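One structure is given here, and the rest of the page talks about it.
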Amino acid sequence: MTTPPSIIVHATPSISPLPASEAESIYLASLLALACPGRWAITNVTWADNGGRLPYVTHLGNLIHPRHLVSLPEFEDPDERLSKGERAESMAWSAFVEQKVIDLVNHTLYSLPPNYAETTGKSHVENLKFPQNQYIPSRLRSLYQERLQHVGLWGMGGLSPGDEVENSRGVMDDAFVMGPAGTMAPKAWSGWRSGSEAAARRKKFGEEELIKIAKGVFEPLERRLGSTPYFFGDRPTALDLRLFAQLTLILSIQLVNPLLPNLLNSSFSTLVSHHDRVRSVLFPGESGSLPYVPQPERVATSWSEWFASAWSTEPKRDGRSASSKRAKDFRRARWMWFAGAGGAMMTYLLASGLVKLESGGNEELEDDEEEVEEDEEILVVEADFEEM
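Written as structure tokens, this is what we have:
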């Protein structure tokens with residue numbers, strides 16, 4: 003009987019053929035494969051797991067911060083043999099990778115059309131149910147969009163169909179010029195195909211600028227790597243794993259628009275060879291060779307599941323109720339919560355004036371008495387008239 007792994011990487015949903023869809027999960031899996039082989043495993047969780055803070059690592063069921071992994075027993079730090087100077091240099095280059103390379107990779111996956119719609123976005127919604135599939139993918143993309151807009155990469159090389167709507171205001175501004183006294187006048191009409199031709203020119207110009215930026219990022223890395231198999235000798239270090247985790251997202255995935263992978267394969271073969279070398283050492287074969295564990299039991303992720311769990315009853319076993327005292331207390335607390343929530347809602351509605359309770363019983367009674375008195379006066383008048 004095999005011993006279950008003590009260290010579990012709870013990674014983001016996979017994207018074929020990779021075990022995860024973002025670089026940090028791949029880095030943690032690479033680090034554990036190098037530092038403690040055979041004592042770790044990986045499992046994919048949904049984007050809503052752990053409050054959306056993904057990925058995360060557990061040791062014997064306890065959450066552990068990645069920086070504390072080196073304190074685990076039998077964990078071999080890949081940077082342990084580095085000198086102080088080499089550690090400082092490794093940290094500097096790791097920061098370079100995390101600031102420059104990551105922006106190019108995220109631009110390829112989230113901005114450059116149509117990669118997000120055809121590849122990245124599909125992996126985001128694969129394991130999500132309603133209503134999470136309505137807002138989590140767009141929220142994730144908006145986080146990358148804010149960063150890419152800050153560094154000036156968002157929309158470079160073209161816009162996706164949904165992004166073109168957001169960019170329509172800028173297009174309208176380009177279609178008008180400022181006249182005397184601040185008046186706006188439309189530009190001269192230049193043909194039916196002027197809009198598409200301008201978009202094609204912007205796309206081509208953006209791709210050229212993107213290639214220029216990418217060369218400025220990859221050339222220093224290639225010079226630093228040189229002819230050595232790894233950055234610091236003949237064994238991978240944390241820097242090698244950082245770079246591998248970024249590049250494998252664009253070199254391993256089949257992208258519809260492979261602008262950046264084509265540039266790497268044609269102009270930076272040293273970095274591509276480094277990526278392939280690290281992958282063959284850490285994960286020989288395909289991603290199926292990784293040590294996987296079943297996905298942990300998750301909470302209800304859709305309204306139907308939540309209501310089903312809220313109104314379900316415990317099954318009967320051996321003719322007796324299988325509910326324990328703890329389960330009964332939980333159900334009682336749940337109904338008390340429902341009652342308290344309903345009472346709080348009614349109190350708010352009444353206190354805010356959204357709902358008014360009007361009692362018209364006394365007014366109706368007074369109206370009835372007045373009608374009776376009027377009828378009696380009419381009868382008296384009619385009786386006097388008959389006597390006359």
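Just add 2 to wherever you are in the sequence shown, counting from 1, and you've got the numbering used here.
Backbone N, C-alpha and C define an ideal beta-carbon position, used for all residues, glycine too.
Please read all numbers here as calculations on a predicted model, not as lab measurements.
For residue i and residue j, I'd like the C-alpha separation in whole angstroms.
i	j	result
Ser170	Glu148	Residue confidence for Ser170 is low, a pLDDT of 48 falling below 50, so the modelled location carries little weight; the figure read from the coordinates is stated next. About 18 Å.
Tyr118	Arg143	9 Å
Ser16	Thr349	47 Å
Ser268	Phe220	12 Å
Leu56	Trp49	7 Å
Cys38	Lys330	44 Å
Ser323	Ala335	A caution first: Ser323 carries a pLDDT of 48, below 50, which makes its placement in the model unreliable, though a value can still be read off. In a straight line, the C-alpha of Ser323 is about 19 Å away from that of Ala335.
Glu78	Arg225	28 Å
His109	Trp156	7 Å
Arg203	Val153	22 Å
Pro6	Ala201	56 Å
Gly2	Ala94	With the chain covering only 3 through 390, there is no way to say anything about residue 2.
His67	Ile44	16 Å
Phe132	Arg141	15 Å
Phe285	Arg333	47 Å
Ser8	Leu212	43 Å
Ile10	Glu210	42 Å
Asp278	Thr230	14 Å
Gly208	Pro80	39 Å
Leu223	Phe270	10 Å
Phe246	Glu120	24 Å
Leu71	Ala240	13 Å
Leu20	Trp339	43 Å
In terms of residue numbering, what span does the beta strand (DSSP E) encompassing residue i cover?
i	result
Trp42	42-46
Ile9	9-13
Is residue i close to the ligand GDP? I mean its beta-carbon at under 7 Å from any heavy atom of the ligand.
i	result
Asp79	For the structure depicted, the ligand GDP is absent and the ligand set is empty, with no information on it obtainable.
If you reduce the DSSP assignment to three classes, tell me which class residue i lands in.
i	result
Asn64	strand
Tyr137	coil
Leu84	coil
Val103	helix
Gly154	coil
Gly159	coil
Gly235	strand
Leu20	strand
Val59	strand
Gln147	helix
Ser229	coil
Asn264	helix
Gly355	coil
Ala50	coil
Phe220	helix
Glu209	helix
Ser92	helix
Glu120	helix
Asp79	coil
Asn259	coil
Glu299	Because Glu299 sits at a pLDDT of 47, beneath the cut-off of 50, its placement in the model cannot be relied upon, and the following sentence gives the value as read from the coordinates. Coil.
Output yes if chain B places a C-beta closer than 8 Å to the C-beta of residue i; else output no.
i	result
Trp156	The displayed structure is made up of one protein chain only, and chain B is not part of it.
How would you call residue i, buried or exposed, if buried means at least 16 neighbouring beta carbons within 10 angstroms?
i	result
Trp42	buried
Pro317	Its pLDDT being 43, under 50, Pro317 is placed unreliably in this model, and the value from its coordinates should be taken loosely. Label assigned to Pro317: exposed.
Asp236	exposed
His12	buried
Met347	exposed
Lys124	exposed
Arg69	exposed
Asn46	buried
Pro139	buried
Gln101	exposed
Ser162	buried
Ser85	exposed
Ser27	buried
Need the endpoints of the alpha helix (DSSP H) that residue i sits in, please.
i	result
Phe246	240-253
Arg69	No alpha helix (DSSP H) holds Arg69; DSSP gives it neither H nor E.
Gly123	123-127
Glu26	25-37
Ser282	271-284
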